[in-house]
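Numbers in our numbering are just positions in the sequence shown, counted from 1, shifted up by 8. Quick reminder that beta carbons are idealized off the backbone N, C-alpha and C, glycines included. Nothing here was measured: the structure is a model prediction, and the numbers come from that model. Below is one structure, written out as structure tokens; comments come after it.
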Amino acid sequence: MSQARMVSIEQRILAKNDGLAKENRRWLAERGILALNLVSSPGAGKTTLLVRTIEALKARVPVSVIEGDQQTSFDAERIRSAGAPALQINTGKGCHLDALMVGQALTRLAPPVESVLLIENVGNLVCPAAFDLGEKAKVVVLSVTEGDDKPLKYPDMFAAASLMLINKTDLLPYVDFNMEKAIDFALRVNPALAVIAVSATTGAGLDAWLDWVHAHLDKARAVCRLPAGTGTDGES
Ligand code: MG
């Protein structure tokens, strides 16, 4: 296949995805649902972070989760054990979730009005950057075991994200990771990026992350067009 033809097919796929993402975004906004798209390398600790987040939020805010992995439903099972409804999507050979998958998952999950929807994307820092799912924000999780140069090696992802969570800070004494350098690199790519350092294992920094979620949920709720308690299909 010629280079030009490949580029043209890619552009059409992305344009179709953007249209569906816009639909998802409208659907979520009407319901005052805050949707966050969590992206990272494999093993950065997204699922552990989600479990801790659900445990902290669930008494006050309903949380639902869409889990993306190539295979298995291990992560959805962990999320359900933490007390949140979760839908696992297996992408097979695919390296990312897309807006069609998320739209179909929304119909099946039916998250309540004014709730939080956490989307755990397939672990890699490349493809998920290009695919809008209709989320309010991408949250990139960078763990200290990965190396502080990731933001410059994979700039698209850090440019697309609104927040960077630097995770596994409890392991800082054991690894060669320069926190200032990682933040500096990330801000070079995206000067507007918010940064919070956390340890999903010890709980350090999680309050700042939860405050960030609450602040964005308040904004999502402010534009909700349906009364609280309304079913997700718009009927009581
Ligand atoms: Mg996971």
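Q) Under 7 angstroms from any heavy atom of ligand 1, does the C-beta of D83 make it? A) Result yes, Cβ under 7 angstroms from ligand 1.
Q) In three-state DSSP terms, what is V110? A) When DSSP states are grouped into helix, strand and coil, V110 belongs to the helix group.
Q: Compare the beta carbon distance of E75 and A84 with 8 angstroms and say whether it is the shorter of the two.
A: Taking the C-beta atoms as reference points, A84 is found nearer than 8 angstroms to E75.
Q) Does the separation of the CB atoms of A145 and L44 fall below 8 angstroms? A) Yes.
Q: Put E83 into one of helix, strand or coil per three-state DSSP.
A: Note that residue 83 corresponds to Asp in the displayed sequence, not to Glu. Here D83 carries a helix assignment [DSSP, helix/strand/coil].
Q. Excluding sequence positions up to five away, which residues of its chain have a Cβ less than 6 angstroms from the Cβ of I174?
A. Closer than 6 angstroms at the Cβ level, and outside the excluded window around I174, lie L150 and A205.
Q: Within its chain, find whatever has a CB closer than 8 angstroms to the CB of L160; leave out the 5 residues flanking it on each side and keep chain order.
A: In its chain, beyond the 5 residues on either side, F193, R196 and V197 have a beta carbon closer than 8 angstroms to the beta carbon of L160.
(Q) For T61 and G27, I'd like the C-alpha separation in whole angstroms. (A) Those two C-alpha atoms are separated by around 30 angstroms.
Q: Counting only runs of 4+ residues fully inside the stretch 98 to 183, write out the alpha helix (DSSP H) ranges in chain order.
A: The stretch 98 to 183 contains these whole alpha helix (DSSP H) runs: 107 to 117, 158 to 161 and 163 to 168.
**Q.** Bridge-paired residues (DSSP) for D77
**A.** N98, per the DSSP bridge assignment.
Q: Spell out a yes or no on whether the stretch 130 to 137 and the stretch 44 to 57 are touching, meaning 3 or more CB-CB pairs, one atom from each, closer than 8 angstroms.
A: At 8 angstroms Cβ cutoff, the stretches touch.
Q. Going straight from the alpha carbon of E243 to that of T115, what length do you get?
A. Residue placement at E243 cannot be trusted, given a pLDDT of 42 that sits under 50; the coordinates are not used to answer.
**Q.** N32 (DSSP reduced to helix, strand or coil)
**A.** In the three-state DSSP reduction, N32 falls in the helix class (H, G or I).
Q: Quick one: residues in its chain with C-beta nearer than 6 angstroms to the C-beta of V69, no 5 flanking neighbours on either side, listed in chain order?
A: Counting only Cβ-Cβ distances below 6 angstroms, and skipping sequence neighbours, we find V124.
Q) CA-CA distance, A138 and A94? A) Per the coordinates, the alpha-carbon of A138 lies some 24 angstroms from the alpha-carbon of A94.
Q.
I need the DSSP call for E243, collapsed to helix, strand or coil.
A. Residue placement at E243 is poorly supported in this model, since its pLDDT is 42, which falls under 50; the coordinates still yield a value, given next. E243: coil per DSSP, three-state reduction.
**Q.** Segments assigned alpha helix (DSSP H), at least 4 residues, entirely inside the stretch 186 to 228
**A.** Correct list: 187 to 197.
Q. Taking the DSSP output, what are the residues bridged to S72?
A. L125.
**Q.** Residues sharing a beta bridge with V59, DSSP
**A.** DSSP lists no partner for V59.
Q: Could you pull out every residue in the same chain whose Cβ sits closer than 6 angstroms to the Cβ of I41, ignoring the five residues on either side in sequence?
A: Taken in chain order, the residues that qualify are P119, S123 and L125.
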